[in-house]
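Enquirer: Numbering of the sequence shown is given in our numbering, commencing with residue 1 and proceeding in unit increments.
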Amino acid sequence: MTANATPDLGGRCYCGAVGVQSVSPPTSIINCHCHQCRRLSGAAFTTWLSLPRQATAISGAANLQHFAPSENGLRYFCKHCGTHVFTEDRRMPDILGVPAGILSTALPSNPSGHYFFSDKASWTACGDDTPKFGGPSGFERVDA
Ligand SMILES: [Zn+2]
Ligand SMILES: [Zn+2]
């Protein structure tokens, strides 16, 4: 590996039937506290990586099922183990949203912000100094 080579990002579902590999760093990393992410993950919030679709390969795609929780969103999960592997949004066709929890490699940087923070689970403490956004849109600064 040369000194300035970008390390690959990779991850997989719990059972390993589906894998995600990207040769590009994420274009963004955020924490989402919205009700949809909370319920579909079963966790307090989801850390999302936005990966350029053309730089990202999905292996074992025959093992995927998908679900449309909204008009624009499609969430793909492993039909064997149920892991949510990635999300597509019709409004951003060049991007795949990948939950950071499936990564086997390190995140290249920490999340840049908490979004839909007004909807966060009451039992979650987020005492870090990462910017927090919420309000009706989920994207208004709420900690400044
Ligand atoms: Zn699986
Ligand atoms: Zn969300």
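The beta carbon of each residue, even a glycine, is placed where N, CA and C say it ideally should be.
Between the alpha carbons of K79 and A144, how many angstroms are there, rounded?
Expert: Going by C-alpha positions, K79 is about 42 Å away from A144.
Enquirer: Leaving out five residues before and five after L40 in sequence, what residues of the same chain have Cβ atoms less than 7 Å from its Cβ?
Expert: P69, R75 and H84
Enquirer: I102: which of S137, T47 and G60 sits nearest, CA to CA?
Expert: It is T47.
Enquirer: Residues around ligand 2, please: the condition is that the C-beta lies closer than 5 Å to some non-hydrogen atom of it.
Expert: C32, C34 and C37
Enquirer: Am I right that P52 and P108 are in contact with their C-beta atoms under 8 Å? What's the rounded C-beta distance?
Expert: With a Cβ gap of about 14 Å, P52 and P108 do not count as contacting.
Enquirer: Going by other Cβ atoms of all chains shown within 10 Å of its Cβ, with 16 needed for buried, is T124 buried or exposed?
Expert: exposed
Enquirer: Can you look up R39 in the DSSP assignment and give me helix, strand or coil?
Expert: helix
Enquirer: Between V18 and G60, how many whole angstroms is the CB-CB distance? I'm expecting something under 8 Å.
Expert: 4 Å
Enquirer: Which of the three DSSP states, helix, strand or coil, is assigned to G101?
Expert: It is helical.
Enquirer: Based on Cα-Cα distance, which residue from E71, A100 and N31 lies nearest to R90?
Expert: E71
Enquirer: Indicate the three-state DSSP secondary structure (helix, strand or coil) for R53 in the structure shown.
Expert: helix
Enquirer: Suppose the cutoff is 8 Å on Cβ atoms and the five residues either side in sequence are ignored; what does the same chain contact list for S112 look like?
Expert: S28, I29, I30, T130 and P131
Enquirer: Would you mind sorting N110 into buried or exposed? The rule is 16 or more other CB atoms within 10 Å of its CB.
Expert: exposed
Enquirer: When you measure from the CB of V98 to every non-hydrogen atom of ligand 1, does any distance come out below 8 Å?
Expert: Answer for V98: no, Cβ out of range of ligand 1.
Enquirer: Comparing alpha-carbon positions, which option in S118, L64 and N63 lies nearest G135?
Expert: S118
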